[in-house]
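These protein sequence lines map, in sequence, to chains A and B.
full-length UniProt numbering puts the first residue of the first sequence at 1, with every later residue one more than the last.
full-length UniProt numbering puts the first residue of the second sequence at 1, with every later residue one more than the last.
Worksheet: the structure to be examined is printed underneath.
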Amino acid sequence: MITLANVRKDYASDVRIGPLDVELPAGGITALVGPNGAGKSTLLTMVGRLLGLDAGTVTIGGYDVTRTPSKQLAKVVSVLRQENHFVTRLTVRQLVGLGRFPHSKGRLTADDERHVSDAIDFLGLHELEGRHLDELSGGQRQRAYVAMVLAQDTPYVLLDEPLNNLDMRHAVGMMQHLRRAADTLGRTVVVVLHDVNFAARYADHVVAMKDGLVVEQGSPAEIMRDDVLSRIFDTPVSVVDGPHGPVACYF
Amino acid sequence: MSTTTARTAGTPDADAAPARRRRGVPWLLLASLGVAALLVASLFTGQYDVVGADDGAWMFAVTRVPRTVALVLAGAAMAVSGLVMQMLTQNRFVEPTTTGTTEWAGLGLLAVTILAPTASIMTRMGVAIVASFVGTMIFFLVLRRITLTSSLVVPVVGIMLGAVVGAFSSYLALATNSLQYVSVWFAGSFTSVFRGQYEPLWVVLVVLVGIVVAADRFTVAGLGRDVATNVGLNHDRVVMLGAGLVAVATGVVAVVVGNLPFVGLVVPNVVALRRGDDLRSNLPWVVVLGVGLVAACDLVGRVIIAPFEVPVSLVLGVVGSLVFITMLVRGRRRG
């Protein structure tokens with residue numbers, strides 16, 4: 001379980017995220033949704049200790065994020081930012097291998113190699129493992145990054161908009177990979193999603209943010225309602241029944 | 001990760017990673033042999049007849065061997081320094097001469113020469129190293145301030161910093177009547193390398209070992225602060241470590257040989273072009289080609305206007321700037 005207690009980040013005197021008091025359940029997929037600038041990425045990066053807190057505490061599976069040594073946290077939680085522009089030319093396998101750094105400090109053991117192979121296969125990258133990242137399409141590269149954080153073998157995986165720049169097919173594929181990571185590997189996946197329909201279809205738990213605060217949370221069924229979504233996104237939304245569950249229409 | 005995911009049928013786990021490396025090994029061996037041949041040529045190139053003359057063996061031991069050892073150590077040091085700097089700044093155009101590091105080493109040397117003309121070579125080396133480190137850290141601090149990570153802004157900032165420091169050095173030299181010393185230093189050359197003078201260069205071996213040990217840290221740091229933090233690595237500490245190692249290498253080379261431009265730029269880029277950026281597996285290549293480049297340029301400098309010599313820095317400057325411009329043009333076409 002990830003617990004945020006009175007967490008705050010001040011950007012300017014009038015722009016602040018928080019105070020956030022929220023519990024994200026262990027297991028399954030938790031989706032963070034909300035309009036632009038709501039603070040979803042800030043929350044995620046604070047939980048993943050990429051961004052310092054100005055107040056409050058974050059605990060992940062019992063570890064206090066600000067007090068636990070970074071090395072130790074790297075075996076508990078992995079986090080992937082939205083924008084990843086690597087100048088470095090690595091092969092897929094080399095990149096995924098770096099995910100094993102917390103365990104092996106770079107010198108991969110046979111066990112590490114197995115984890116790397118598993119992560120690569122899990123995301124269907126076996127054919128591409130010898131390719132350099134700059135020779136991949138955007139969707140393949142995104143999968144390689146996710147393979148890296150999965151190879152890190154942490155119970156908690158945080159992803160900031162992993163569907164960014166992916167077309168329909170790749171976005172759906174990515175969510176299916178994450179679903180399987182939660183179901184078959186038992187990972188707790190927290191993911192920032194731009195499109196609330198992806199959250200409705202694939203998440204177990206939805207946390208909605210607006211103006212730096214958590215305004216709603218619950219099961220997809222509880223969030224996928226006209227009045228709730230319209231209030232969160234400040235725009236008229238109607239939820240209709242689709243073939244796989246509720247679909248938000250906002251065009 | 002659990003083993004529930006099935007491995008693609010029949011592929012043994014072990015052969016997946018080293019499969020590509022097999023092809024590289026004979027090439028590396030060939031390259032090493034080629035560089036070794038250059039070094040042998042370096043041993044026997046020069047005006048003095050080391051084979052025929054009575055004191056030939058003595059001359060050989062006092063000048064030719066030190067010069068060749070210095071080529072190896074300095075070439076490796078500058079090439080590897082460039083590699084580490086490029087990782088830490090995530091920028092392909094960075095090396096000790098485009099970050100101001102070399103100019104700082106020069107300023108440090110000049111300061112010692114003015115303040116303590118009788119200082120031992122170890123003192124001079126120490127001051128040059130400290131000055132290089134300070135300069136490199138200043139570069140990193142400035143870099144952190146500018147959010148424009150456009151690949152060309154970074155070396156431009158470094159070259160500007162270096163120019164300011166270089167200008168200050170020139171003024172200082174002019175004011176203290178030691179301009180000649182500065183110009184000799186800027187024209188890095190192996191001409192004056194002899195027994196009893198080049199030995200500090202062996203420190204480079206310590207730097208190389210340090211870089212091999214920390215290779216994966218530098219690779220991770222090359223993916224940026226966030227990725228480094230994610231895997232539990234202290235990014236600042238890795239940058240400090242890298243800057244320290246580069247400062248030692250640059251400082252030592254500055255004291256013994258002088259300014260060796262472009263080695264750290266050309267070699268790692270050529271290697272990365274073919275092999276990607278895995279620092280650990282690239283290191284042997286960067287060392288071999290760095291030595292090869294410096295040895296080849298030194299040989300050219302020695303024979304082109306024999307019996308006189310052209311400083312190796314001049315030859316490197318010509319070769320390096322051509323490669324640099326080619327890189328820029330190619331990069332633009334690709335981007």
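We put the beta carbon where it would ideally sit given N, CA and C, even for glycine.
Quantities reported herein were computed from a predicted structural model and do not represent experimental measurements.
The beta-carbon of B:A79 is placed no less than 7 Å from the nearest beta-carbon of chain A. Residue range S70 to L73 is occupied by the alpha helix (DSSP H) that includes A:K71. Beyond the five residues adjoining it in sequence on each side, B:T89 comes within less than 7 Å, by CB distance, of L143 and V154 in the same chain, given in chain order.
A direct Cα-to-Cα measurement between B:V204 and A:V189 gives close to 46 Å.
Residue environment analysis places A:D183 among the exposed positions, since fewer than 16 neighbouring C-beta atoms fall within 10 angstroms of its C-beta. In the DSSP annotation of this structure, A:L50 is not part of any beta strand (DSSP E), being labelled neither H nor E. At least one beta carbon of chain B lies nearer than 7 Å to the beta carbon of A:P102. Between the stretch 239 to 246 of chain B and the stretch 66 to 77 of chain A, the count of C-beta pairs closer than 8 Å stays below three; the two stretches do not touch.
At the C-beta level, B:A247 and B:F133 come within 7 Å of one another. The Cβ neighbour count for A:R169, taken over all protein chains shown within 10 Å, is under 16; the residue is labelled exposed. Cβ contact annotation for A:F198 (same chain, cutoff 8 Å, sequence separation greater than five): A31, L163, A171 and M175, in chain order.
In the displayed model, B:L38 falls within a helix according to three-state DSSP.
With 16 or more other CB atoms across the displayed protein chains lying within 10 angstroms of its CB, A:S41 is buried.
Taking 7 Å as the threshold, the shortest C-beta distance from B:A221 to chain A does not fall below it. Closest by C-alpha distance to A:D167, out of A:G139, A:V192 and A:L178, is A:G139.
A:G106 belongs to the set of residues whose beta carbon lies under 7 Å from a beta carbon in chain B.
With respect to the 7 Å criterion, B:T68 and B:A243 are not classified as neighbours on the basis of their beta carbons. When Cβ-Cβ separations below 7 Å define contact, B:Q197 makes no contact with chain A. Each of A:L158, A:G34 and A:V96 was checked against the Cα of A:L123, and the nearest Cα belongs to A:V96. Among the CB atoms of chain A, one or more fall inside 7 Å of the CB of B:G232. DSSP links A:H85 through a beta bridge to no other residue. Beta-bridge analysis with DSSP links A:Q217 to A:V207. Using a CB distance cut-off of 7 Å, A:Q94 counts as an interface residue toward chain B. Beyond the five residues adjoining it in sequence on each side, A:T235 comes within less than 8 Å, by CB distance, of Y250 in the same chain, given in chain order.
Beta-bridge partners assigned by DSSP to A:V157: A:S78 and A:V189. Per DSSP, the continuous beta strand (DSSP E) segment holding A:P246 begins and ends at G245 to C249. B:L314 has its alpha-carbon roughly 10 Å from the corresponding atom of B:G320. Under the Cβ distance rule, B:D236 does not count among the residues neighbouring chain A, no pair being separated by less than 7 Å. Comparing alpha-carbon positions, the option among A:G37, A:E161 and A:L80 lying closest to A:Y11 turns out to be A:G37. Our two residues, B:A228 and B:S189, have alpha carbons roughly 39 Å apart in a direct line. Along the stretch 64 to 95 of chain A, the positions whose C-beta sits under 9 Å from a C-beta of chain B are P69, S70, K71, Q72, L73, A74, K75, V77, S78, V79, L80, R81, N84, H85, F86, V87, T88, R89, L90, T91, R93, Q94 and L95, read in chain order. Per the Cβ contact rule, the stretch 9 to 29 of chain A is not in contact with the stretch 62 to 71 of chain A (fewer than 3 Cβ pairs under 8 Å). Put simply, the stretch 90 to 97 of chain B touches the stretch 255 to 265 of chain B. At least three CB pairs are less than 8 Å apart.
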